[in-house]
Amino acid sequence: MHLIIGIAVAALLVAAYIIASVARLKENSAAMEQVSRELLVRLQNIEGKLEDTERDINSEFVSMRKEQRDEARAGREEQSKGLTSFGEAQSKRIKEIGDLQRESLEAFSQQLTNISRLNEEKLEAIRGTVESKLQEIHKNNEEKLEKMRATVDEQLHSTLEKRLGEAFSTVSERLELVHKGLGEMKALTADVGDLKKVLSNVKVRGTWGETQLRALLEQILTKDQYAENVATRPNCGERVEFAISLPGANDSASPVWLPIDSKFPLEDYQRLVTASENGDVQALADAQKALKSRVIEEAKTIRDKYLEPPYTTDFGILYLPVEGLYAEILRIDGLCDTLSREYRVVPAGPTTIAALLNSLQMGFRTLAIEKRSSEVWILLGKVKTEFDKFGSILEKTRQKIEQAGKELENAEVRTRAIKRTLRTVEGIPLQAGEEDISENCEIFE
542 MHLIIGIAVA
552 ALLVAAYIIA
562 SVARLKENSA
572 AMEQVSRELL
582 VRLQNIEGKL
592 EDTERDINSE
602 FVSMRKEQRD
612 EARAGREEQS
622 KGLTSFGEAQ
632 SKRIKEIGDL
642 QRESLEAFSQ
652 QLTNISRLNE
662 EKLEAIRGTV
672 ESKLQEIHKN
682 NEEKLEKMRA
692 TVDEQLHSTL
702 EKRLGEAFST
712 VSERLELVHK
722 GLGEMKALTA
732 DVGDLKKVLS
742 NVKVRGTWGE
752 TQLRALLEQI
762 LTKDQYAENV
772 ATRPNCGERV
782 EFAISLPGAN
792 DSASPVWLPI
802 DSKFPLEDYQ
812 RLVTASENGD
822 VQALADAQKA
832 LKSRVIEEAK
842 TIRDKYLEPP
852 YTTDFGILYL
862 PVEGLYAEIL
872 RIDGLCDTLS
882 REYRVVPAGP
892 TTIAALLNSL
902 QMGFRTLAIE
912 KRSSEVWILL
922 GKVKTEFDKF
932 GSILEKTRQK
942 IEQAGKELEN
952 AEVRTRAIKR
962 TLRTVEGIPL
972 QAGEEDISEN
982 CEIFE
């Protein structure tokens, strides 16, 4: 078929070429028409040959298919015969193998029966021997065990009494310690319960924070350096829990107040701690968000109620009574900056507020020293003036003392002259009733 197709394609190509040549030759002379006719005759001859060739090929193809069918039929018959003979041979072989296996199994079964009988006989003999030996060993073991039991009982009795005594002593000591520990645990549980009750009440919890802040203020500052329940804004009834009194401008009598308000958002803090311990990221984020909102709300309250420059400082302090709460607020990103920048509030824990109060106390002392230094300078001026007066008084006193010294010298000279005059006069002893001359010394004055 491929050959026929190839020939047909070649014929078509030739015909196309011829037609093209004819088309070109139409423009030529009459001689070319003769060539065209010859080519047409040749083309007809080629077509006839192609038809003959196609008939030959078709006949050959039919004969080839017939031969193939005959060969396939013969092959199938031969294969069928071969398979039949192979099946018969295999059946015969399988039968022979089955007979051999049957004979082998019968022989093997007989051998197994003989071996089983021999094994049973040997096992019976072994069983009898083993039983006799076991009885003998059991008897010997019972005798030895009885001796060992007696020895062990004796040793165990003494050791047990000793160990039991020591154990009872140790147990008694431990029980006493446990009893003591239980008492301490009960006391601790009661204290924890009381603390939980205190912290569960919002009002009591606030009072606890105020008490803690009051204790810090009392420890660090003096009574005149802070005040409680102060109205920091004029014409306003809102009062802050505590306020530090700072000196006013130009030593004015009106102080500048630094408000300090104590807050303890326990519920939000407990939720945050629980979420952190459980490792719940979403709950932790929600708790931080809630705590942030609560702190911002409290800061806004401080700003709106208690801050009023120049009567107060331009910032207030939000006191948090637990260091853990203060640390969590510092950990929230941007919260401290928001509090100080937008609400003018500074958060502080117990340690931070103590450091701040100590710094303020040092400032108060420095200011007091500055005020006292001017007073001391004035006092020194007064002392200098008095000292100048004292110098003039000393000078006058010195002159009077020198004048008195001169008068004393003159009196001594006169005394010596009188003594020389009276040297020849003998002394007369005093009689009874006569007065001593020393008693009448006023005469010489």
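Start counting the sequence shown at 542; every next residue gets the next number (my numbering). C-beta: ideal position from N, C-alpha, C; glycine also. Quantities reported herein were computed from a predicted structural model and do not represent experimental measurements.
Throw me the rounded Cβ distance for the residue i and residue j pair, which I believe falls under 8 Å.
i	j	result
L848	P888	No, L848 and P888 are not in contact; Cβ-Cβ is about 15 Å, not under 8 Å.
A828	D809	7 Å
T842	P800	Wrong, their Cβ atoms sit about 11 Å apart, outside the cutoff.
R812	A784	About 32 Å; that fails the 8 Å criterion.
A532	E779	Outside the displayed span of the chain (542 to 986) sits residue 532, for which this structure offers no information.
Q902	L762	6 Å
Would DSSP call residue i helix, strand or coil?
i	result
Q823	helix
A772	coil
I667	helix
V863	coil
D593	helix
R704	helix
L716	helix
K744	Because the pLDDT of K744 is 48, which lies under 50, any placement of that residue in the model is unreliable, and the number read from its coordinates should be weighed accordingly. K744: helix per DSSP, three-state reduction.
K659	Contrary to the premise, residue 659 reads as Leu rather than Lys in this sequence. Correct three-state label for L659: helix.
I873	coil
E677	helix
L538	Absent from the model: residue 538. The displayed extent of the chain is 542 to 986, so no value can be given.
L897	helix
E779	coil
M848	A quick correction: the sequence has Leu, not Met, at residue 848. L848 falls in the coil class under three-state DSSP.
V739	Its pLDDT being 46, under 50, V739 is placed unreliably by the model, and the measurement read from it follows with that caveat. Helix.
In the DSSP output, which residue or residues are listed as bridge partners for residue i?
i	result
T853	W798
S786	W798
V886	G857
Y767	I785
S803	Y860
Consider the C-beta atom of residue i and the heavy atoms of the ligand FMN; say whether any pair is separated by less than 7 Å.
i	result
K960	The model depicted lacks the ligand FMN and carries no ligand whatsoever.
Between the beta-carbon of residue i and the beta-carbon of residue j, is there less than 8 Å?
i	j	result
L787	L898	no
F805	P862	yes
F905	Q766	yes
L876	K833	yes
R885	G857	yes
E864	G890	yes
D802	E818	no
Hey, is the stretch 831 to 851 in contact with the stretch 894 to 910, meaning 3+ C-beta pairs nearer than 8 Å? no
Three or more beta-carbon pairs under 8 Å between the stretch 816 to 828 and the stretch 749 to 761, yes or no? no
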